[in-house]
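A.B. asks: Dropping a structure here in structure tokens format, bear with me for questions.
Chains as they are written, first to last, in the numbering used here: chain A, 1 to 114; chain B, 1001 to 1111.
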């Protein structure tokens, strides 16, 4: 079945450091890929998405490219800020039998220190 | 648009009590979901509803029931609460194949 593997944290970075959070997936067909962010005490919200191979999703300085050849969707940001401290979830949406299933990775906790 | 709303925001129950968590969305989405989030466990799907009138079990349905009252509303019921159901509960909705929209969550403690 479909699955998502995501590097687990916690990750601690200094402000202005470069961020990479790895995400790889297993799926049949052509799934859509997402990154969600969860700030403390809140629900998840969409950060970015890509719906086909080689698409690049971007938002708030974050980027991720849908790489079908390596089945990856790594999240990157060139210069993190304290306000980026949150939990980040990689997710996949793809058909599995008759149901378009959403699969989440376990989440990566990021702390950015001044 | 309010998006996805959930009530209540916080709840404390005693073991054996029952309660219903309410969820509503105003985005005309067909698909709705209930998840629970426990520390170190990520998100786990309890139930989902692909359309009005249909519901299906997710990974962890035991101890829960759901009702898709209409297209907007999807409620989650705990018939006899147990301490193992202490968690944060999230409702979500979406148009199939697109991103999910999440509510703010209900923080439930069962003593």
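Even for Gly, the Cβ is constructed at its ideal location relative to N, Cα and C.
At 9 Å on the CB atoms, spell out the chain B contacts of residue 54 of chain A, in chain order.
C.D. replies: Correct list: empty, because the minimum Cβ distance to chain B is about 19 Å.
A.B. asks: Mind pulling the chain B residues with CB within less than 7 Å of residue 93 of chain A?
C.D. replies: Those within 7 Å of residue 93 of chain A in chain B are 1097.
A.B. asks: At a CB-CB cut-off below 7 Å, which residues of chain A make contact with residue 1100 of chain B?
C.D. replies: Within chain A, the residues near residue 1100 of chain B are 102.
A.B. asks: Compare the C-beta of residue 1039 of chain B with all C-beta atoms of chain A and state if any pair is closer than 8 Å.
C.D. replies: Taking Cβ atoms only, chain A never reaches closer than 8 Å to residue 1039 of chain B, which makes this a no.
A.B. asks: In this structure, does DSSP put residue 4 of chain A in helix, strand or coil?
C.D. replies: Three-state result, residue 4 of chain A: strand.
A.B. asks: For residue 1110 of chain B and residue 1058 of chain B, I'd like the C-alpha separation in whole angstroms.
C.D. replies: When rounded, the distance between both Cα atoms is 22 Å.
A.B. asks: Is the Cβ of residue 1042 of chain B closer than 8 Å to any Cβ of chain A?
C.D. replies: For residue 1042 of chain B, the answer is yes, since a Cβ of chain A falls inside 8 Å of its Cβ.
A.B. asks: Would residue 1 of chain A count as contacting chain B if we go by Cβ distances under 8 Å?
C.D. replies: It does not: the Cβ of residue 1 of chain A has no partner Cβ on chain B nearer than 8 Å.
A.B. asks: Closer than 8 Å is the cut-off here; do at least three beta carbon pairs connect the stretch 1-19 of chain A with the stretch 77-92 of chain A?
C.D. replies: Touching, yes.
A.B. asks: Against chain B, which members of the stretch 62-86 of chain A pass a CB distance test of less than 8 Å?
C.D. replies: Those would be none; no residue qualifies.
A.B. asks: Taking beta-carbon pairs under 8 Å, can you tell me which members of the stretch 1050-1066 of chain B lie near chain A?
C.D. replies: The residues in question are 1050 and 1056.
A.B. asks: Closer than 8 Å is the cut-off here; do at least three beta carbon pairs connect the stretch 1015-1028 of chain B with the stretch 40-49 of chain A?
C.D. replies: Touching, no, given that fewer than three Cβ pairs across the two stretches are closer than 8 Å.
A.B. asks: Under 8 Å between the Cβ atoms of residue 1030 of chain B and residue 1050 of chain B?
C.D. replies: Going by C-beta atoms, residue 1030 of chain B is nearer than 8 Å to residue 1050 of chain B.
A.B. asks: Using a C-beta to C-beta distance shorter than 8 Å, which residues of chain A count as neighbours of residue 1090 of chain B?
C.D. replies: The contacting residues are 43 and 44.
A.B. asks: DSSP three-state label for residue 82 of chain A, please.
C.D. replies: Of the three classes helix, strand and coil, the one that applies to residue 82 of chain A here is helix, per DSSP.
A.B. asks: On the CB-based measure, 16 or more other CB atoms within 10 Å of its CB, does residue 30 of chain A come out buried or exposed?
C.D. replies: The residue is exposed, with fewer than 16 neighbouring Cβ atoms inside 10 Å.
A.B. asks: Tell me whether residue 1093 of chain B sits in a helix, a strand or coil according to DSSP, three-state version.
C.D. replies: In the structure shown, residue 1093 of chain B sits in a strand (DSSP, three-state: E or B).
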